[in-house]
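Please read the structure below before turning to the comments.
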Amino acid sequence: MQNPQEVYMKKWLETASPVEIVIALYEKMESLLKDIVEMYEKEGENRDTKKEVELANRVSEILYYLKGTLDMKRGGEVAKNLNQFYGICISQLSKAMAEKNLELYKDLLKAIGEMKDAWQEVRKKTG
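Sequential numbering of the sequence shown, starting at 1, is according to the numbering used here.
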């Protein structure tokens with residue numbers, strides 16, 4: 001028997017617009033990064049570093065996925081800018097993980113949130 005959540009997600013993916021999917025991925029990254037920041041703020045040095053790495057790796061997977069879906073030929077300047085943005089985010093995430101730096105995670109969370117807001121504006125304008 002299939003998991004009801006998986007059935008719902010499959011159905012949603014079949015009917016969602018590309019912009020809605022991108023927004024959902026940004027929301028997921030935002031949630032994962034908030035969890036990391038919360039771990040740092042609540043637990044400090046005693047945080048579960050294995051869990052931190054798992055969460056950060058999931059963010060990384062989403063960033064690489066988004067980067068990989070860009071159509072550089074048809075996307076023009078927008079695709080070029082998004083490619084650069086994703087590259088910077090991947091680099092920042094790697095640095096935050098290596099340095100165990102809360103401020104870098106917070107900066108990344110802010111950037112992801114701002115880009116999510118921009119995608120939400122696109123959704124409003126495109127229906």
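Just so you know, even glycine gets a beta-carbon here, dropped at the ideal spot from N, CA and C.
Measure the CB-CB distance between residue i and residue j and report whether it falls below 8 Å.
i           : j          : result
residue 63  : residue 86 : yes
residue 116 : residue 30 : yes
residue 55  : residue 25 : no
residue 102 : residue 40 : yes
Rounded to the nearest angstrom, what separates residue i and residue j at their Cα positions?
i           : j           : result
residue 84  : residue 21  : 20 Å
residue 14  : residue 7   : 11 Å
residue 123 : residue 27  : 14 Å
residue 57  : residue 18  : 23 Å
residue 38  : residue 68  : 29 Å
residue 2   : residue 16  : 21 Å
residue 77  : residue 45  : 42 Å
residue 100 : residue 75  : 35 Å
residue 48  : residue 90  : 22 Å
residue 43  : residue 50  : 13 Å
residue 118 : residue 5   : 28 Å
residue 10  : residue 125 : 26 Å
residue 127 : residue 88  : 29 Å
Any idea what DSSP makes of residue i, helix, strand or coil?
i           : result
residue 69  : coil
residue 74  : helix
residue 123 : helix
residue 100 : coil
residue 60  : helix
residue 48  : coil
residue 17  : coil
Only counting the same chain, and skipping five residues up and downstream in sequence, which positions put a Cβ closer than 7 Å to that of residue i?
i           : result
residue 104 : 92, 95 and 96
residue 79  : 70, 71 and 72
residue 33  : 59, 105, 108, 109 and 112
residue 52  : 36 and 39
Can you tell me the Cβ-Cβ gap for residue i and residue j, rounded? I've got them flagged as a contact below 8 Å.
i          : j           : result
residue 23 : residue 120 : 6 Å
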